[in-house]
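Some notes on the structure that comes next.
Numbering (my numbering), first residue to last: 1160 to 1346.
Here it is as structure tokens:
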């Protein structure tokens, strides 16, 4: 299992460049508008509110997969909790900004999965905030680790295969571009 510390090392990447997680296809996008209640005294999104935005996106992504928190708790006796979190606050967002919160799956196995989440302004590609989030499945009755339900694991596996195919296609495009001399300055 990939350690969150390995992913954390990618977080402080150059603002001009994209970290590995930024290159994965988005599995889910949640539009969010910044309201006055989301900002601090300086007029920018309060740092803890980014975590609320990310939580909402994860919750809606799970609901889309058929794994709504209440249903999974009732039917399987498990809950999904944040086990580890690493956040890089790159640029601020302001009152009335329209944001897109992305969810990307890096890894899923056993009782946990690792997500890459980012927030950007609508219509822009540069991330304002990125986070690596390890989610753990626990038994609701005693808080001990629980396996991810088989049907959900199969869905997460399919998304990981999709990510691998997309990453391979991106690498092939970059290699073809390099081979054709695209991006090479003229002498």
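Where a beta carbon is used, it is the ideal one built from N, C-alpha and C, also for glycine.
Cα-Cα separation, residue 1205 to residue 1320: 36 Å
Same chain only: Cβ atoms within 6 Å of residue 1257, ignoring 5 sequence neighbours per side: 1192 and 1281
Nearest-angstrom beta carbon gap, residue 1228 and residue 1238 [assumed within contact, 8 Å]: 7 Å
Nearest-angstrom beta carbon gap, residue 1299 and residue 1236 [assumed within contact, 8 Å]: 5 Å
The region 1246–1257 in contact with the region 1268–1275 per 3-pair CB rule at 8 Å: no
Presumed contact (8 Å Cβ cut-off) between residue 1295 and residue 1231, rounded CB distance: With 8 Å as the limit, residue 1295 and residue 1231 do not qualify as a contact, their Cβ atoms being about 13 Å apart.
Beta-bridge partners of residue 1198, as assigned by DSSP: 1204
Integer Cβ distance of residue 1286 from residue 1279, believed to fall under 8 Å: 5 Å
Environment of residue 1336 [buried if 16+ CB atoms lie within 10 Å]: exposed
Cβ-based burial, residue 1263 [other Cβ within 10 Å; buried from 16]: buried
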